[in-house]
Amino acid sequence: MKHKFKTIAAVITAAALIVPTLGANGAINGPLGTTGKQDGGIGNTTNYLDDVPNIAVDPKVNDIIYPLFGNPAIKKQGETVTVQIDSQGKHAAGWDVKLKPTNHSAFTETYDLPVQKVSTGESHWKDSERIYDVTVQIPENVPEELYDLEVSYTASGQRKTDEQPHSVKVVQEYNKDFEFLHLTDTHVGSPRNLGNHDDVSTIDPGRLKEAGMWDAKEEDRWLYLQKAIKEVNLKNPDFVVVTGDLMYGQMNPQEYIYEYEETYRMLQQLDVPVYLAPGNHDTYAQDATLADGAKYWEQYFGPQYFSFDYGPYAHFIAYNSFDWHKFDRSGKGSVPVPTWGGQIREEQLNWVKKDLEENAKTAQPDQITGLFSHHNPLWRDRDIWPSDDPEVKEYWKQYDEQHDPQRLETLILGEKLGIQYDQQWHGENAHELIEIMKQYGVDISLHGHTHIDNVTEQDGILYTTTTSLELSGKPWVGFRPLEVKNGEITNYNYEEPGVSVPVYENGNTEGGVMALESQYEKPNDGHATEQTVTVYNRLNKEMTVTVPMYLVKGDYDVSEGTVKQNVASGDKQYVEVEITVPAKSTKEITVK
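For the sequence shown, the working numbering assigns the number 77 to the initial residue and increments by one for each residue that follows.
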């Protein structure tokens with residue numbers, strides 16, 4: 077997100093923000109203030125660490141390093157998947173790999189994945205003495221669903237078990253015509269969520285409620301994000317990409333500890349595979365570089381850059397566009413940071429080129445190829461900042477003399493000019509990256525950062541920037557569905573020019589009414605013998621959605637829509653219904 081130092085300062089001064097405390101189970105459940113005395117912040121408030129002095133990082137990436145929550149595997153029934161395990165230098169044997177129901181499922185059955193092969197592996201991002209590639213097969217009888225992965229093995233005479241939630245999606249077939257969604261800039265913990273749409277230095281009561289800023293009740297916390305996730309689940313895309321700035325990371329010392337934990341909890345409300353790329357707010361090196369957000373990212377979500385396939389029909393690369401030296405990413409543990417614009421350095425750039433080169437060897441003609449990151453390489457500060465400004469001339473002179481890292485005086489001047497002109501793609505290799513994309517026929521490039529919608533077609537590449545889920549997004553808070561048919565991206569706008577789908581009815585955040593919503597008559601937990609679901613489409617376009625229903629095991633008739641799945645597991649029946657709801661209307665589905 078663009079840097080708004082003065083505006084943010086006004087918000088923090090005006091707002092009595094709520095910041096969390098941790099209960100015995102690690103849940104965030106109590107109130108506190110904002111920036112405070114420990115970080116030289118604004119106002120006479122307390123700091124999070126005053127009440128929680130012993131808070132520590134709870135890494136989510138341990139033994140399993142692929143597939144992960146933020147880099148899952150999508151596989152057909154009967155196919156193999158290679159699980160990567162970091163055994164921390166120990167010899168391992170006795171492998172046991174399972175798929176388990178996620179936190180969304182009413183099913184209880186687990187599925188053993190037969191081990192086909194075990195070999196020594198390697199990782200481009202995980203520095204380890206010993207990595208194992210454990211190839212397992214997905215049985216044909218595993219229902220189409222998103223699963224948690226559990227791996228157990230024996231090392232040094234001890235049995236070890238690790239899990240990764242939401243890390244394997246099993247499908248019956250890859251859809252040649254498919255849909256994926258682009259989300260960006262969720263900004264958990266951001267004070268900008270409290271401000272008026274046109275003046276974020278004010279406090280708006282409606283936005284205050286939707287923000288749910290560290291509300292003591294989890295069900296009332298980050299309502300805007302909860303509602304967006306519910307709509308994404310209702311759309312039920314084949315997968316989702318999120319292009320960074322998942323949190324704020326710019327208020328208190330060590331705030332990454334609780335913001336990463338809270339963001340991880342929130343994103344697990346998604347019931348579809350999600351691929352995550354970092355943004356600048358996720359990877360600042362705060363507290364005199366002692367708290368490095370880039371390391372937190374790897375501990376919670378895994379690699380800062382990677383690629384994945386959706387069967388033979390899509391190949392995507394997630395890359396880190398905030399690829400700066402730690403000193404350039406540094407902050408004071410409070411509002412000021414000197415660098416927030418984009419860059420990709422040689423090591424990562426070469427990896428991207430090699431990945432595209434390898435994919436081109438096997439790609440079929442109708443495969444689409446995409447890249448996604450936080451910053452858009454089309455928008456270079458060298459092109460945007462006014463060249464007739466003497467301070468701009470001086471800045472680029474200093475930058476060219478030394479960067480990676482920059483000198484302190486250069487960073488200070490860059491921050492001053494950034495506040496004046498903003499920072500987009502601020503550093504190296506924008507042109508070089510674009511040339512590589514053109515060389516290998518990349519179809520689409522997805523980005524965030526600006527909190528606005530923009531679609532640009534250039535040299536055969538579709539560059540889409542999507543508005544934020546943070547409440548500062550314009551023209552509204554939203555997300556972008558993209559449809560692929562016969563190897564072409566055919567639909568990516570809700571309205572022209574290039575506008576995304578609003579989360580709220582008519583884009584009215586303060587009203588709090590979801591634009592797309594489903595309501596269940598009975599709890600959807602597998603204990604009902606009948607169910608009625610009402611789907612509300614308050615958008616200006618028809619929407620096709622998927623309604624999942626867990627019922628008591630049995631035979632059921634469906635009143636509306638198309639049954640996509642009808643699967644029994646244990647004493648439960650899963651019925652999945654696809655239905656198209658016309659614009660500004662409702663549909664009711666009864667299953668009995």
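Here a beta-carbon is modelled for each residue, glycine too, at the ideal position from N, C-alpha and C.
Roughly how many angstroms separate the alpha carbons of threonine 186 and isoleucine 495, rounded to a whole number?
53 Å
Ignoring anything shorter than 3 residues, give me the beta strand (DSSP E) runs that lie fully in the stretch 277-355, in order along the chain.
Whole beta strand (DSSP E) segments, 3+ residues: 315-319, 350-353.
Per DSSP, which residues does isoleucine 537 bridge with? Please list them.
Gln534
Kindly list the residues whose CB is nearer than 8 Å to the CB of threonine 566, restricted to its own chain and excluding five residues on each side of it in sequence; keep chain order.
Glu559, Val560
Give the DSSP bridge partners of aspartate 172, in chain order.
Its beta-bridge partners are Ser228.
Glycine 517, DSSP secondary structure in three states
coil
Between alanine 747 and threonine 237, is the Cβ-Cβ spacing less than 8 Å?
With the chain covering 77 to 668 only, the question about residue 747 has no answer from this structure.
To which residues does DSSP link aspartate 633 through a beta bridge?
In DSSP, aspartate 633 forms no bridge with anything.
Per DSSP, what are the beta-bridge partners of proline 557 in this structure?
Leu257
Cβ neighbours of aspartate 404 in the same chain (closer than 6 Å, five flanking residues each side left out):
Thr415, Pro481, Gln482
Do you know whose CA, among Lys430, His507, Phe448, Asp442, lies nearest aspartate 19's CA?
Outside the displayed range of the chain (77 to 668) lies residue 19, so it cannot be described from this structure.
In the DSSP assignment, the beta strand (DSSP E) including arginine 235 goes from what residue to what residue?
234-247
Aspartate 633 burial status per 10 Å Cβ neighbour count (16 or more: buried)
Result: exposed.
Please classify tyrosine 475: does DSSP put it in a helix, a strand, or coil?
helix
Rounded C-alpha distance that separates asparagine 562 from glutamine 440:
Rounded to whole angstroms, asparagine 562 to glutamine 440 spans 12 Å at the Cα level.
The beta strand (DSSP E) spanning leucine 447 covers which residue range?
444-448
Which value, in whole angstroms, describes the spacing of the CA atoms of tyrosine 250 and glutamate 491?
47 Å
What are the partner residues of alanine 394, as DSSP defines its beta bridges?
Phe382, Phe448
With DSSP collapsed to three states, give me the class of glutamate 221.
strand
The beta strand (DSSP E) that contains lysine 166, what's its start and end?
Boundaries cannot be given for lysine 166, as no beta strand (DSSP E) includes it and DSSP labels it neither H nor E.
Taking the alpha helix (DSSP H) that glutamate 491 belongs to, which residues open and close that run?
484-497
The stretch 153-168 touching the stretch 608-628, judged by at least three CB pairs closer than 8 Å
Between the stretch 153-168 and the stretch 608-628 there are fewer than three inter-stretch CB-CB distances shorter than 8 Å, so the stretches are not counted as touching.
Helix, strand or coil at arginine 456 [DSSP, three-state]
strand
Closest by C-alpha distance to lysine 668, when choosing among Gly387, Gln649, Tyr360, Asp358:
Gln649
Let's test the definition: count the other Cβ atoms within 10 Å of the Cβ of asparagine 613 and tell me whether it reaches 16, buried, or not, exposed.
If you draw a 10 Å sphere on the C-beta of asparagine 613, you find 16 or more other C-beta atoms in it, and that means buried.
Kindly indicate the opening and closing residues of the beta strand (DSSP E) around tyrosine 372.
For tyrosine 372, there is no enclosing beta strand (DSSP E); the enclosing alpha helix (DSSP H) has its first and last residue at 369-376.
For glutamate 335, which of Val518, Leu322, Gln344 has the nearest alpha-carbon?
Leu322
From this set, Glu593, Thr532, Thr585, which residue's C-alpha is nearest glutamate 572's C-alpha?
Comparing Cα-Cα distances from glutamate 572 to each of Glu593, Thr532, Thr585, the minimum goes to Thr532.
Residues sharing a beta bridge with arginine 550, DSSP:
The question names arginine, but residue 550 is lysine in the sequence shown. DSSP links lysine 550 through a beta bridge to Ile528.
Going by the CB atoms, is the gap between valine 623 and serine 594 shorter than 8 Å?
yes
Report all residues from its chain with a CB closer than 8 Å to the CB of glutamate 664; omit the five preceding and five following residues, and keep chain order.
Thr608, Val609, Thr610, Val611, Ser635, Glu636
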